[in-house]
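Numbering-wise, the sequence shown is residues 4 to 151 according to our numbering. What follows is one structure encoded as structure tokens, with my remarks underneath.
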Amino acid sequence: MTLSNYDLAPVKSLIRVLNSGIDFYKKAEHKTSDKRFNQVFERMIGEKVRAIALLQPYVVADEGCAERGSAVSVEIREAYTQLLDLFQSDNLHLYLSQLEELEDKVLEKIEAALEGNLPGQCKSALLQIKARMTLCHNEIRALEVITE
């Protein structure tokens with residue numbers, strides 16, 4: 004089955020941002036030994052893995068293979084964060100700030116996908132993902148505020 008009547012480009016773009024987000028959170032985990040932060044980062048990774056799992060079937064049905072790429076914009080932000088990390092002692096706050104920006108990007112990509120021509124089940128999955136990613140954003144934002 005193909006989904007050739009639909010435009011899955013925004014879904015693929017979202018998956019690339021989610022893939023990059025997983026990598027970024029894994030790197031952030033190594034920047035702190037605080038178990039509270041690491042537990043939050045693990046939850047964020049888990050939510051992104053679940054979101055990808057919900058979306059990949061649509062990409063596979065459309066193209067025959069899963070989206071495995073990453074988002075250049077997130078990789079640039081990650082490189083920027085690592086560069087700044089060399090000059091700042093408060094690197095956890097820096098990572099939290101950049102992770103919040105990542106969560107903003109995820110929500111932006113979800114909105115873009117929801118505006119497109121997609122199968123109803125895919126839009127339903129995106130709405131579920133949006134609710135969970137909004138919680139992720141709010142949790143990272145709260146951590147960023149308490150570390151200021």
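The C-beta atom is built at its ideal place from N, Cα and C for all residues, glycine as well.
* Determine the DSSP secondary structure at N22, reduced to helix, strand or coil. => Taking the first residue of the sequence shown as 1, we reach residue 22 at position 19. Helix at N22.
* **Contacting residues, own chain, Cβ-Cβ under 6 Å from K108 (five flanking each side not counted)** => Along the sequence shown, read from residue 1 onward, the residue named residue 108 stands at position 105. Once the five neighbours on either side are set aside, the close Cβ partners of K108 are V20.
* Asked: So what does DSSP say about H96, is it helix, strand or coil?
  -> Reading the sequence shown from its first residue, position 93 is the one you call residue 96. Secondary structure at H96: helix, using DSSP grouped into helix, strand and coil.
* Asked: DSSP on D107, reduced to helix/strand/coil?
  -> In the sequence shown, the residue the question calls residue 107 occupies position 104. Three-state result, D107: helix.
* Go ahead and pull the three-state DSSP assignment for S127. => Taking the first residue of the sequence shown as 1, we reach residue 127 at position 124. DSSP places S127 in helix when its eight states are reduced to three.
* Asked: Where do the N-terminal and C-terminal ends of the alpha helix (DSSP H) with E50 fall, by residue?
  -> Position 47 of the sequence shown, counted from the first residue, corresponds to residue 50. DSSP places E50 inside the alpha helix (DSSP H), whose first and last residues are 38 to 66.
* Simplified DSSP state of N8, which is helix, strand or coil -> Your numbering for residue 8 matches position 5 in the sequence shown. In the structure shown, N8 sits in coil (DSSP, three-state: anything other than H, G, I, E or B).
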